[in-house]
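The numbering of the sequence shown is this note's numbering, which starts it at 1 and goes up by one.
Even glycine gets a Cβ: it sits at the ideal position worked out from N, Cα and C.
Note that the structure is predicted; figures quoted are calculated from it, not measured.
To start, the structure under review is shown below, and the notes come after it.
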Amino acid sequence: MTDTAPPRETDSTVTLLLLGDAGCGKSTFLSRLKHVKRRIPQQPGTAQDSAPEPLRDSDQPFVYDIRFSKRSFALEIYDTAYSNQHWSTLKPDVVIIAFDISNRETLDGLRGWRNDVIRYFQHGIGERIPVMMLGLKRDLREEGEGIIYPQETYRMAQELRCDRYAECSAVTGELLAETFEDLARLAGMSMTEAGGQSAGTSCTIL
């Protein structure tokens, strides 16, 4: 979880890159993470007390202080719209590919983003990087034609050989803290000898 205490010495820094189509909710998600409270229950469909403060691309990376498995580390998150250089020139330790649960086109677009991850960050045979698939705007999932059910997104995560799958709503706060915990867990595992990669078919749905 995030630590609201003053900055302290960390063991290491984990770089995370957040990819996804424009408008899928990445910026709102990152803004809300700054205000995640430690395990405060949130009723589905209810708004948070206040809207998240917008983040500026020029402020990247967005830094979060993490404690995981008795280890402290800094989590640096870069969004797709990194202003100082193209995101493909970064060297992330973990990648998140995000989509809008209410927009099927953004789900289909994940195949292209996953191919980009392979193209830019996996240069050797058998080389992998931990990838988390993230569904945003969970509060907009409504019954009807074209609805994207969790079972479908789970199959997509398996197809794309992602190591984790989670979904949340940055607007209502539903599953936001749990998603960030899973993200921090994957980041922490990337610093261990075993690494954060799974066989590519073992995804955790929150």
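What is the DSSP secondary structure of Y82, counted as helix, strand or coil?
coil
Please check the pair A170 and F29, which I expect to be a contact at CB under 8 Å, by giving their CB distance rounded to whole angstroms.
5 Å between Cβ atoms; contact.
Using a threshold of 7 Å, state whether the C-beta atoms of R138 and I101 are closer than that.
Yes, Cβ-Cβ distance for R138 and I101 is below 7 Å.
Note the first and the last residue of the continuous alpha helix (DSSP H) segment covering R155.
P150 to E159
Over the uninterrupted beta strand (DSSP E) stretch that includes S12, give me the two end residues.
Counting along the chain, the beta strand (DSSP E) containing S12 begins and ends at S12 to G20.
State the Cα-Cα distance for the pair S27 and S190, rounded to the nearest angstrom.
24 Å
Have a look at T80, T13 and I129 and flag the residue whose alpha-carbon is nearest the alpha-carbon of F99.
T80
Within its chain, find whatever has a CB closer than 8 Å to the CB of F68; leave out the 5 residues flanking it on each side and keep chain order.
A184, R185, A187 and G188
Using only the alpha-carbon positions, how far apart do V117 and G146 sit?
V117 and G146: Cα-Cα distance of roughly 27 Å.
So D93 packs on L16, CB below 8 Å; how close in whole Å?
So it is a contact: roughly 7 Å between Cβ atoms.
Name the DSSP beta bridge partners of S31, please?
Residue pairing of S31 in beta bridges, as defined by DSSP: absent, with no partner found.
So, are the CB atoms of S88 and D57 less than 7 Å apart?
no
Could one say the Cβ of Y82 lies closer than 7 Å to chain C's Cβ atoms, at least one of them?
The chain inventory of the structure shown lacks chain C, comprising one protein chain alone.
Could you name the residues of the same chain whose beta carbon sits closer than 6 Å to that of G23, not counting the 5 residues immediately before and after it, in chain order?
none
So what's A166 in DSSP terms, helix, strand or just coil?
strand
Who does L75 pair with in a DSSP beta bridge?
Paired residue(s): V14 and Y64.
Roughly how many whole angstroms lie between the Cα atoms of E105 and W113?
13 Å
For L18, count neighbouring Cβ atoms within 10 angstroms of its own Cβ and tell me buried if that reaches 16, exposed if not.
buried
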